[in-house]
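Everything below concerns the one structure shown next.
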Amino acid sequence: MKSITVAKFGGTSVADYAAMTNSAAVVGANPNTRLVVISACSGVTNILVELANGVSDGDKRQELLDKLTAIHFDILASLSENLAVANEVNALLDTVANLSLSAAKQPTDALTDKLVSCGELLSTHIFTHLMNDASMNAVRFDVRNVLRTDSQYGKAVPDVPAIYGLAQEKLRPLCENHIVVTQGFIGSDENGETTTLGRGGSDYSAALLAEAVDAGTLEIWTDVPGIYSTDPRVAPKASPIPEISFSEASEMANFGAKILHPATLIPAMRKQIPVFVGSSRTPTEGGTWIRQQAETSPVFRAVALRNNQTMVTLTSLNMFHAYGFLAEVFRILAKHKVSVDLITTSEVSVSLTLDQTNTRGGAPDLPDAAREELSELCRVKVEQGLSLIALIGNKMDENRGACSRIFCSLSEFNLQMICYGASAHNLCFLADESEARDIVRTLHTAIFE
Ligand code: ADP
Ligand code: ASP
Ligand code: MG
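The sequence shown: position 233 = 327 (our numbering), numbered continuously.
Dropping the structure here:
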């Protein structure tokens, strides 16, 4: 078989009948597309997360369940009748209702993953039916048969060698004669329990599967025609980037550009699989190619924004010219499984931000036990309501005047925890969440417009 293209469609690309029809046409236009990875219909995961967090008011719970029923049956109503699919959809909606009741009594991370996975299970049933209505020889595949992860519910870590073996055995042969439709975002641990890869994780699933079936290309179809110089919803003058390197795009994803889940490009980089990002609504408009090397490497490429930051500042006079203090801090953080993202230090204090996030969302917390243990060592201050803004580019450290352009344009704003120098690809800082979008727009105007 020729090299496979894996195509992933996000929530807005499967939001309703019209969106699903556009997405099916994108699949049909490329005979190499044999594996289709899809998200839950737009808005569905948010509703499921709300239910999973525990809605004890019965009326409110029913209102959310009715919304889910309406979203899915509105699409089914436009398709040819198919009792088996309608039964599957009803069975999944019953499962959601039962699990929501359990979550209202006692929400747990394992329950959350079971519940939110129903979004992708529902959308794949319907999308496969829609493709077959268009005579596309589609077959639905439960990704939990191959996407093996550990058991960290809400932020499960994939087992790459296991996924490769299982996909080669069970998934790749199916792609020979069918268009296989499968779920993004969800997986299962070695006991068969459902897990999820974290919000927005379908991009990452698609990349893991592309790697596991030895795909030649990965396509990410979404609601914008490619990666822009910043989120076009924040800065309307943002412009599309036709080609970008893996390292620049992964910095963007890592620093919060929602267009790609942060881990998406890791499998693509491991296997050198080129990635295309485009709009399923306007597929001929072009998009962004992400490759090992881009033809241009500008000093400034893009601005990214990530909300929900938690900054922890640890202060102790004992830190002054002492050895072992930071080692002790990180020993405590590691013991409590707290992952650190950014860090800056001064003589007697160290500030760090906590890594995002699990499926339930919100700003990450410093666990009470970690806070107590750290308090025996130093003063601990935790701040939330912050955003991280990152400027991404190339060889910033070698470019005289790069920093002054950035900071002169931001003289009106209060910036915290500026990180620069560890990578030539980015400069980033924290700011109050209420000012963050203004900062992105100001920076974008000063540098790109
Ligand atoms: P999907 O549901 O298809 O995964 P997402 O909503 O997760 O789509 O990602 C697409 C959104 O990412 C766009 O609508 C846009 O608002 C946002 N976004 C953030 N940064 C960028 C960027 N640099 N370029 C393009 N879109 C971006
Ligand atoms: N449906 C999941 C979410 O909304 C995964 C995804 O869309 O990528 O987070
Ligand atoms: Mg997404």
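Backbone N, C-alpha and C fix where the C-beta goes; we use that ideal spot for every residue, glycine too.
Applying the criterion that 16 or more other CB atoms from any shown protein chain within 10 Å of the CB defines a buried residue, is residue i buried or exposed?
{"i": "residue 269", "result": "buried"}
{"i": "residue 238", "result": "buried"}
{"i": "residue 476", "result": "exposed"}
{"i": "residue 164", "result": "exposed"}
{"i": "residue 299", "result": "buried"}
{"i": "residue 313", "result": "buried"}
{"i": "residue 342", "result": "buried"}
{"i": "residue 247", "result": "buried"}
{"i": "residue 105", "result": "buried"}
{"i": "residue 175", "result": "exposed"}
{"i": "residue 488", "result": "buried"}
{"i": "residue 421", "result": "exposed"}
{"i": "residue 263", "result": "exposed"}
{"i": "residue 469", "result": "exposed"}
{"i": "residue 498", "result": "exposed"}
{"i": "residue 515", "result": "exposed"}
{"i": "residue 494", "result": "exposed"}
{"i": "residue 364", "result": "exposed"}
{"i": "residue 412", "result": "exposed"}
{"i": "residue 202", "result": "exposed"}
{"i": "residue 457", "result": "buried"}
Going by C-alpha distance, which of the options is nearest residue i?
{"i": "residue 316", "options": "448, 382, 441", "result": "382"}
{"i": "residue 228", "options": "472, 216, 273", "result": "273"}
{"i": "residue 235", "options": "151, 128, 175", "result": "128"}
{"i": "residue 119", "options": "303, 466, 377", "result": "377"}
{"i": "residue 398", "options": "523, 207, 202", "result": "523"}
{"i": "residue 415", "options": "536, 427, 435, 440", "result": "440"}
{"i": "residue 485", "options": "427, 536, 212", "result": "536"}
{"i": "residue 426", "options": "388, 540, 472", "result": "472"}
{"i": "residue 481", "options": "400, 387, 162", "result": "400"}
{"i": "residue 230", "options": "271, 196, 442", "result": "271"}
{"i": "residue 196", "options": "161, 152, 179, 539", "result": "152"}
{"i": "residue 410", "options": "286, 297, 474, 211", "result": "474"}
{"i": "residue 187", "options": "142, 199, 206", "result": "142"}
{"i": "residue 546", "options": "386, 457, 304", "result": "Since the displayed the chain opens at 95 and closes at 543, residue 546 lies outside it and no answer follows."}
{"i": "residue 465", "options": "496, 424, 456", "result": "424"}
{"i": "residue 542", "options": "513, 512, 496", "result": "496"}
{"i": "residue 177", "options": "207, 540, 220, 206", "result": "220"}
{"i": "residue 500", "options": "133, 478, 456, 533", "result": "533"}
{"i": "residue 180", "options": "267, 218, 199, 367", "result": "218"}
{"i": "residue 520", "options": "490, 384, 443", "result": "490"}
Excluding sequence positions up to five away, which residues of its chain have a Cβ less than 8 Å from the Cβ of residue i?
{"i": "residue 283", "result": "242, 243, 244, 245, 250, 289"}
{"i": "residue 194", "result": "145, 146, 149, 155, 158, 159, 209"}
{"i": "residue 302", "result": "241, 252, 254, 257, 361"}
{"i": "residue 116", "result": "107, 374, 375, 377"}
{"i": "residue 492", "result": "518"}
{"i": "residue 508", "result": "525, 526, 529"}
{"i": "residue 333", "result": "322, 323, 542"}
Between residue i and the rest of its own chain, which residues show a CB-CB distance below 6 Å, the 5 nearest in sequence each way excluded?
{"i": "residue 166", "result": "183, 216"}
{"i": "residue 222", "result": "232, 234, 275"}
{"i": "residue 258", "result": "306"}
{"i": "residue 348", "result": "356"}
{"i": "residue 437", "result": "446"}
{"i": "residue 538", "result": "324, 329, 397"}
{"i": "residue 204", "result": "247"}
{"i": "residue 344", "result": "359"}
{"i": "residue 388", "result": "337, 338, 339"}
Is the closest heavy atom of the ligand PLP to the C-beta of residue i under 7 Å?
{"i": "residue 373", "result": "Looking for the ligand PLP in the displayed structure turns up nothing; the ligands present are the ligand ADP, the ligand ASP and the ligand MG."}
Take residue i and list the residues in its own chain whose beta-carbon comes closer than 7 Å to its own, dropping the five residues that flank it on each side.
{"i": "residue 173", "result": "223, 224, 227"}
{"i": "residue 379", "result": "319, 373"}
{"i": "residue 191", "result": "159"}
{"i": "residue 550", "result": "Any question about residue 550 goes unanswered here, given that the chain covers just 95 to 543."}
{"i": "residue 162", "result": "138, 141, 187, 190"}
{"i": "residue 287", "result": "204, 245"}
(request) Decide if the region 117 to 128 is in contact with the region 318 to 337; the criterion is three or more beta carbon pairs, one per stretch, under 8 Å apart. (result) no
(message) Just to be sure I understand the criterion: a residue counts if its Cβ is closer than 5 Å to at least one heavy atom of the ligand ADP. Which residues meet that?
(response) 104, 105, 316, 317, 318, 321, 322, 325, 327, 351, 352, 353
(message) Closer than 8 Å is the cut-off here; do at least three beta carbon pairs connect the region 340 to 357 with the region 135 to 153?
(response) no
(message) Taking contact to mean 3 or more Cβ pairs, one atom from each stretch, closer than 8 Å, check whether the region 275 to 282 and the region 293 to 308 are in contact.
(response) yes
(request) State whether the region 299 to 309 contacts the region 95 to 113, with contact taken as three or more CB pairs (one from each stretch) at a distance under 8 Å. (result) yes
(message) Is it the case that the region 460 to 478 contacts the region 322 to 337, given that we only count it when at least three CB pairs across the two stretches are under 8 Å?
(response) no
(message) Can you confirm whether the region 160 to 176 touches the region 104 to 115 when touching is taken to mean that 3 or more C-beta pairs between the two stretches lie within less than 8 Å?
(response) yes
(message) Three or more C-beta pairs under 8 Å: does that hold for the region 370 to 384 against the region 441 to 448?
(response) no
(request) Report yes or no: do the region 417 to 435 and the region 387 to 396 share at least 3 C-beta pairs separated by less than 8 Å? (result) no
(request) Report yes or no: do the region 496 to 509 and the region 401 to 408 share at least 3 C-beta pairs separated by less than 8 Å? (result) no
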